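Quick note: to get our numbering, add 51 to the position in the sequence shown (first position is 1).
Using N, Cα and C, we set each Cβ at its ideal position, and we do this for glycine too.
All values derive from a computational prediction rather than experimental measurement.
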Amino acid sequence: MRKLFVFPAVVVLAGLISCQKQQTEAEKNAEVERQVQERLAAEHQAEQQQELTQRQADLEAHEKALADKEKAAGSAPARRESEPVTGPRAVSEARPTSGYSTFYTKLEPYGGWIETSDYGYVWQPRETESSRSWRPYTNGRWVYTDAGWTWISEEPFGWATYHYGRWTRLRGIGWVWVPGNQWAPAWVSWRKSNDYVGWAPLPPEARFDQHTGIHNWSDSYYDIGPDQYCFVPTREFGAQRIESTVVPPERNVTIVNQTTNVTNITYNNTTVVNEGPNYEELRTQSREPLQRFRLERNVNVDVAVEPPRPVVQGETIIVAAPVIAAPVASERPPTVKQTIAQATVDLGWAAIADHEAAKKAREKIKSEATPPSNAPPKKFVKGAAMTSTSPQTVERPATSTSVSSTPVPSATMSATQAPSASATSTPEPSRRLLHEEQRRSNNRRHRPQPQRRYRRHHLCRLRRSVADDYLFQARHRFGR
52 MRKLFVFPAV VVLAGLISCQ KQQTEAEKNA EVERQVQERL AAEHQAEQQQ
102 ELTQRQADLE AHEKALADKE KAAGSAPARR ESEPVTGPRA VSEARPTSGY
152 STFYTKLEPY GGWIETSDYG YVWQPRETES SRSWRPYTNG RWVYTDAGWT
202 WISEEPFGWA TYHYGRWTRL RGIGWVWVPG NQWAPAWVSW RKSNDYVGWA
252 PLPPEARFDQ HTGIHNWSDS YYDIGPDQYC FVPTREFGAQ RIESTVVPPE
302 RNVTIVNQTT NVTNITYNNT TVVNEGPNYE ELRTQSREPL QRFRLERNVN
352 VDVAVEPPRP VVQGETIIVA APVIAAPVAS ERPPTVKQTI AQATVDLGWA
402 AIADHEAAKK AREKIKSEAT PPSNAPPKKF VKGAAMTSTS PQTVERPATS
452 TSVSSTPVPS ATMSATQAPS ASATSTPEPS RRLLHEEQRR SNNRRHRPQP
502 QRRYRRHHLC RLRRSVADDY LFQARHRFGR
């Protein structure tokens, strides 16, 4: 009889012990998870506090630097106007932070992208649709800096189209901008006389060589015609809005015969310098005062926020000059409004009615200067940077040819003159390289981010550490 009571008691006790053991395991897991969360929260709070402290220190250092700068500016003596200016200074040095996709996206609200066989993707401002007389380098003014004559544009796209790349005029389409990745105060050719000053956008074929530069042979070498120029009276060169002082283009051929090319684009201390008309001479001839400025290039400007505009602070002018990487084949405009299979370039000679005056102007241009033997080739390489001394890696092979200096209407082009399919097709080795680069890009895109891998690894280590601590305390408590 006594055994009958003992057996159920043993069964009940075993059940209680099993429940208590399961409850202990659940409580242990919950305790581990709670401690993990507490440690994570403590670490996150410590990181936030450290970041806040660092920001506060950076802010105080920035305020101190500004105060020291203002104090030094207030105590420094004013610089005389005739005193020479030191070399151009960048706000800070930076590596390429963006590519041609910056141009493709940021210029789209102000115009449209066109695909051409010779120049690739080119951009045309919306102003060309509303005004046939629109031309580049007119809506703004010229200022003289320690990097030479710098164009200050009033247009929201001026930060890009007047300091990078080149301009050309296509027959039946108008002025278009061909992107480039080298910054300059302006990419223009200059002409000067006692009565007039003129400038013309350099064509895409005008590649810049740091050793050779571009000099007074530019009109002859690149066949820049009179209609490409904007001329203003010398006394009006310092006008704040120079567009209103430009003489009618019908007079250009006559003025070309009266002027001389004074282009002088060189390279100095990592900066392209755009010299041209003599500053001291123009300063005495201009009705408006021509002030000399110190140029600061802001290479870290964020063009995604808003279209950057030049800022004048006393005798310093700050311009946006983001560092643009070389073009790659994968970059293309979001929207292409038009595709041109064969474009005819208008070099500025076709519209001149007075053929004798045009012939005389061409002869004068050729007699002004002889291009050097080491001048850069007059050939535009589609997808390549416009500098021959800083070779960049180009993802897409150059398949186009240079535009002929003699315009040929596409309707009269014979079958033998048309480019063959084999000449424009992508070579097989280049296609394999392109596929290989695309495969590597996809692998990089799907590869886990290092920060995420680190966080997962750190979390696992933390969980193991908390669990080990809990087991050690349990063993110490129960004497195991």
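Beta-carbon to beta-carbon, A409 and S271 are separated by about 15 Å, too far to satisfy the 8 Å threshold. Nearest neighbour of T219 by Cα position, chosen from R242, G199 and D274, turns out to be D274.
DSSP, reduced to helix, strand and coil, places R220 within a strand of the structure shown. Under the 8 Å Cβ criterion, the segment 156–166 does not count as touching the segment 247–266, having fewer than three qualifying pairs. A distance below 6 Å between beta-carbons, with the five flanking residues on each side excluded, links P384 to the following residues of its chain, in chain order: Y155, W164 and Y172. Around the beta carbon of Q336, 16 or more other beta carbons lie within 10 angstroms, which makes this residue buried. Contact annotation, P236 with T196: C-beta distance approximately 7 Å; criterion of less than 8 Å satisfied. When secondary structure is reduced to three states using DSSP, V374 falls in the coil class, being assigned neither helix nor strand. Of the candidates N351, W241 and G249, the residue whose Cα lies closest to the Cα of N267 is W241. Listed in chain order, the non-local C-beta contacts of N308 below 8 Å within the same chain comprise A408, K411, A412 and K415, local neighbours out to five positions each way being set aside. If you look at N349, you'll find it in the beta strand (DSSP E) that goes R343 to N349. A direct Cα-to-Cα measurement between F344 and S295 gives close to 24 Å. With respect to the C-alpha of N312, the residue from Q100, T179, P422 and W400 having the closest C-alpha is P422. The beta carbons of A380 and N232 sit about 15 Å from each other, so the pair does not count as a contact at 8 Å.
Distances from the alpha-carbon of T395 to those of P252, R222, R258 and Q88 put R222 closest. Taking C-alpha positions only, A92 is separated from Q101 by approximately 14 Å. Scanning its chain for C-beta atoms nearer than 7 Å, with the 5 sequence neighbours on each side dropped, one finds around K243 the residues T310, T311, V313 and P328, in chain order. Annotation: Y215 to Q107 spans about 38 Å, alpha carbon to alpha carbon. With distances taken between CA atoms, K157 lies nearest to A355 out of A401, F431, A355 and K433. Buried is the label assigned to Q279, since at least 16 other Cβ atoms lie within 10 Å of its Cβ. By the CB criterion at 8 Å, G199 and N325 fall inside the cutoff.
In chain order, D246, Y247 and T296 place their CB closer than 7 Å to the CB of P284, counting only its own chain and leaving out the 5 sequence neighbours on each side.
Cβ neighbours of P300 within its own chain (closer than 7 Å, five residues either side excluded): D278. Rounded to whole angstroms, the gap between the alpha carbons of R286 and R360 is 27 Å. Sequence-distant partners of A116 (beyond 5 residues in either direction) whose C-beta falls short of 6 Å from its own C-beta are missing from its chain. When rounded, the separation of the alpha-carbon atoms in R177 and A426 is 35 Å. About 19 Å separates the CB atoms of V239 and Y170; that is not less than 8 Å, and the two are not in contact. Separation of E382 and S269 (C-alpha to C-alpha, rounded to the nearest whole angstrom) is 31 Å.
DSSP places W193 inside the beta strand (DSSP E), whose first and last residues are G191 to T196. Within the same chain, and ignoring the five residues on either side of G289 in sequence, the residues whose Cβ sits closer than 6 Å to its Cβ are S337, E339 and L341. When C-alpha distances from I306 are compared across F282, W400 and A81, the shortest belongs to F282. In this structure, G150 keeps its C-beta atom at 8 Å or more from the C-beta atom of P373.
For I203, the closest C-alpha among the options K388, I368, V387 and S424 is that of I368.
If you draw a 10 Å sphere on the C-beta of G249, you find 16 or more other C-beta atoms in it, and that means buried. In this chain, the beta strand (DSSP E) harbouring T390 covers V387 to I391. Counting only runs that start and end inside the segment 268–299, the alpha helix (DSSP H) elements of at least 4 residues fall at 269–273.
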